[in-house]
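UniProt numbering applies: residue 1 is where the sequence shown begins, and numbers increase by one.
As structure tokens, the structure follows; a few thoughts come after it.
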Amino acid sequence: MDDHMPMVSSLTGVINSLLDKLTAPELQEIRHSLESMKKNLVSFANQRVQSMLVQQWMKQARELAYDIEDWVDDLLIGSTGQIQPALRSLNVAIQVEEFKVLIHGMQERCARYGLLSKVTIISDDDLASFVPSKATIDWELLWGEKPCLIALSNPENELIRHLIDGERKLKVVSVVGIGGIGKTTLATEVYRKVQSQFECRAFIHVGRNPSVWSTLMNILCQLDPKSYYWGYDEKQVVTKLWEFLGKKRYLIVTDDIWTVCTWSAISCVLPDNNLGSRILATTRINDVASSCSIQPTDFVLSMKALSDCDSKTLFRSRISVPKEDWQFDLKNYENLMEVCGGTPLAITVAAGLLATNFAEPSHQSNMLEKAIFSVGNQHSKLQGVEKILHISYGDLSLPAKSCFMYLNIFPENHTIRKDCLIWRWVAEGFIPESNEESSWEIGARYFNELIIRRLVQPVFSYDDDQAVGCTVHGVILDFIASLSGRENFVMATEDLRFEQFPCDVIRRLSLNCRDQGEVDTRDDITMHLSRVRSLTVFF
């Protein structure tokens with residue numbers, strides 16, 4: 001394997017792992033055929049943006065390499081690299097010829113469509129693109145960092161006024177805005193300030209495709225944490241909620257509701273007991289907000305983008321490097337802020353992007369200028385946060401792209417343990433080998449890089465400023481799921497159930513059984529599982 005190159009990656013697939021296994025004399029012809037395909041794959045993978053034709057070619061090449069490796073693994077004995085005597089037959093020679101024809105076809109299509117004509121050839125200097133960023137983290141800055149409350153004082157006061165206005169009738173207050181605009185941050189801060197004025201309270205994250213049972217169970221367990229309800233079915237949970245809330249003044253926050261149907265399932269178990277109870281709902285969808293706050297006494301707050309001044313304040317507060325090390329091109333900064341469009345999440349990711357490149361200012365200037373131009377052309381219809389995510393993703397090294405995309409394994413709103421995540425990266429083959437550092441140390445640097453870039457949010461231990469895990473913002477997880485589906489890298493069962501990313505073969509599958517509704521999908525996906533390499537189940 002080439003120095004610095006990982007065995008497996010999201011863009012080049014298992015080509016390096018496969019070539020390492022092709023040592024038997026009978027397999028040398030396949031090896032020679034694959035070498036040229038590998039060069040093209042790596043060349044394409046090193047480009048910041050790939051055309052649709054290139055993406056399709058890369059996907060077909062990766063799937064072919066996966067299929068060949070599956071076949072080779074069946075042939076080899078242990079790790080000796082020798083073909084089993086019982087399999088030395090004419091069938092092997094025939095299969096080798098078939099694979100050679102398929103590889104030749106891939107190369108012929110690459111030449112026919114001129115896919116290499118606009119590719120920048122990789123030089124020895126470009127090997128740096130396969131190693132982690134040189135940027136370092138000021139953990140004290142991150143550890144003491146407060147939630148982004150810039151420009152939220154007026155919306156916060158307005159929400160509080162509606163939540164504690166003395167009205168006896170149940171009131172639903174809704175917050176609506178695009179993803180990453182700060183709805184959850186606002187709801188969390190308001191909840192923190194007013195919760196003591198209610199007899200009981202709960203704050204639940206709903207998400208895109210929730211299970212009604214688990215959502216209602218979450219509410220019940222927060223309202224009455226001292227009791228045990230996990231043996232209850234959905235009907236029992238509904239009955240208990242009605243009994244518990246019937247004579248109490250309660251506050252329920254339902255964060256990130258996606259459908260009117262989901263809202264109806266939740267709201268029907270929250271009684272109007274004329275005790276001044278309140279529901280605070282957040283959503284990205286105007287129709288959902290209108291359905292939540294349908295009564296004359298209800299209220300809908302629409303979140304607005306930050307002003308230029310507030311955007312600048314937030315940006316400077318989110319640079320996770322010491323102030324004396326700040327250095328960035330003013331033109332690039334202004335262009336990035338224009339792309340962000342006043343969305344706090346986009347500004348935060350942009351700050352992380354510049355912070356990562358402070359160690360290499362010349363690279364920063366050239367990279368950003370080209371990246372902003374490319375994303376503006378290819379993704380002109382996307383919102384600011386999605387454009388910034390494309391720019392930041394394009395600046396990741398090849399292994400870091402795989403590590404980032406692998407986060408699609410984990411369910412929404414899941415706290416990911418650092419040690420578990422790094423060892424998973426190592427086991428999957430995403431971490432390149434080095435004579436100077438262990439695989440764990442290199443993996444830890446990729447983990448830190450994702451934090452510096454603000455692509456994940458660190459989770460700290462109680463007694464020091466070292467990150468022990470991370471979480472992924474819902475908007476960023478949606479972005480990862482989109483990338484992962486396009487590359488057929490990691491599939492979650494909800495992606496298959498809702499046919500967001502139809503595919504014939506699944507290589508890595510995540511099954512979330514924490515929601516009862518998810519368990520029922522297992523029978524529906526068995527047809528896809530014959531070539532799964534990695535199966536993760538969450539109970």
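Glycine included, every Cβ here is placed at the ideal spot set by N, Cα and C.
The structure presented is a predicted model; accordingly, all values stated were derived computationally and were not measured.
| said: For residue 557, which residues in the same chain have their Cβ closer than 6 Å to its Cβ, ignoring the five residues on either side in sequence? | reply: Residue 557 falls outside the range modelled here, since the chain spans only 1 to 539, and no answer is possible.
| query | Within 10 angstroms of its Cβ, does Y228 collect 16 or more other Cβ (buried), or is it exposed? | reply | Flag for Y228 reads exposed.
| query | Which residues bound the beta strand (DSSP E) around D20? | reply | For D20, no beta strand (DSSP E) encloses it; the enclosing alpha helix (DSSP H) starts and ends at I15 to K21.
| query | Which of the three DSSP states, helix, strand or coil, is assigned to K171? | reply | In this structure, DSSP gives K171 an extended state, which the three-state scheme calls strand.
| message | Helix, strand or coil for T536? Go by DSSP, reduced to three states. | response | T536 falls in the strand class under three-state DSSP.
| field | Touching by the beta-carbon criterion (3+ pairs, under 8 Å), the segment 427–436 and the segment 38–47 | value | Flag = no, the segment 427–436 and the segment 38–47 do not touch.
| query | For Y393, does the count of other Cβ atoms within 10 angstroms reach 16, so buried, or fall short, so exposed? | reply | Classified as buried, Y393 has 16 or more neighbouring CB atoms from the shown chains inside 10 Å of its CB.
| task | Would you mind working out which of R316, S307, L306 and T283 sits nearest V300, comparing C-alpha positions? | result | Measuring from the Cα of V300, the nearest candidate turns out to be T283.
| task | Kindly provide the ranges of any alpha helix (DSSP H) runs that are 4 or more residues long and lie completely inside the segment 300–352, ordered along the chain. | result | Counting only runs of 4 or more, we get 308–317 and 330–340.
| Buried or exposed: where does D395 fall if 16 or more other Cβ atoms within 10 Å of its Cβ makes it buried? | That one is buried.
| field | Enclosing alpha helix (DSSP H) for I391 [first to last residue] | value | Start and end: G384 to G394.
| query | Would DSSP call F460 helix, strand or coil? | reply | Taken through DSSP and simplified to helix, strand or coil, F460 comes out as strand.
| task | Scan the segment 160–208 and note each continuous beta strand (DSSP E) run of 3 residues or more that stays entirely inside, going in chain order. | result | Listed in chain order, the complete beta strand (DSSP E) runs (minimum 3 residues) inside the segment 160–208 are 171–176 and 200–207.
| query | Are the segment 248–257 and the segment 203–212 touching by the rule of at least three beta carbon pairs closer than 8 Å? | reply | They touch, by the three-pair rule.
| request: Helix, strand or coil for N286, going by three-state DSSP, please let me know. | output: In this structure, DSSP gives N286 a helical state, which the three-state scheme calls helix.
| Element boundaries [beta strand (DSSP E), containing I252] | Where I252 is concerned, the enclosing beta strand (DSSP E) starts and stops at Y250 to I257.
| request: Could you check which residue in V175, G469 and N91 has the C-alpha nearest to that of D287? | output: Closest option to D287, Cα to Cα, is V175.
| F460 to I164, Cα distance in whole Å? | Computed Cα separation, rounded: 34 Å.
| field | Terminal residues of the beta strand (DSSP E) in which G469 lies | value | Counting along the chain, the beta strand (DSSP E) containing G469 begins and ends at A467 to T471.
| Got a sec? Which residues, its chain only, sit under 7 Å from R109 by beta carbon, not counting five neighbours each side? | For R109, the CB contacts under 7 Å within the same chain, skipping 5 residues up- and downstream, are W57 in chain order.
| field | Contacting residues, own chain, Cβ-Cβ under 8 Å from T343 (five flanking each side not counted) | value | Excluding sequence neighbours, T343 sits near I178, G180, I181, A305, L306, Q383, G384 and V385.
| Length of the line joining the Cα atoms of G352 and R318 | Rounded to the nearest angstrom, the two C-alpha atoms are 7 Å apart.
| said: Pull the bridge partners of R417 from the DSSP assignment, please. | reply: R417 is bridged to G469.
| task | On a CA-only basis, which of S117, V173 and I30 is nearest L64? Give me that one, please. | result | For the residues S117, V173 and I30, the minimum Cα distance to L64 belongs to I30.
| Between C513 and the rest of its own chain, which residues show a CB-CB distance below 7 Å, the 5 nearest in sequence each way excluded? | Excluding residues within five positions, the ones whose Cβ falls inside 7 Å are V519, V537, F538 and F539.
| task | Report yes or no: do the segment 208–216 and the segment 156–171 share at least 3 C-beta pairs separated by less than 8 Å? | result | As far as the Cβ criterion goes, the segment 208–216 does not touch the segment 156–171, which means the pair count is below three.
| query | Between the beta-carbon of T356 and the beta-carbon of R453, is there less than 7 Å? | reply | Their beta carbons are under 7 Å apart, which means T356 touches R453 by this criterion.
| task | Report yes or no: do three or more beta-carbon pairs, one from the segment 435–453 and one from the segment 417–425, lie closer than 8 Å? | result | Contact between the segment 435–453 and the segment 417–425 is present: 3 or more CB-CB pairs across the two stretches fall below 8 Å.
| Using the C-alpha atoms, what's the distance from Y406 back to T259? | Straight through space, the alpha carbons of Y406 and T259 are spaced by roughly 27 Å.
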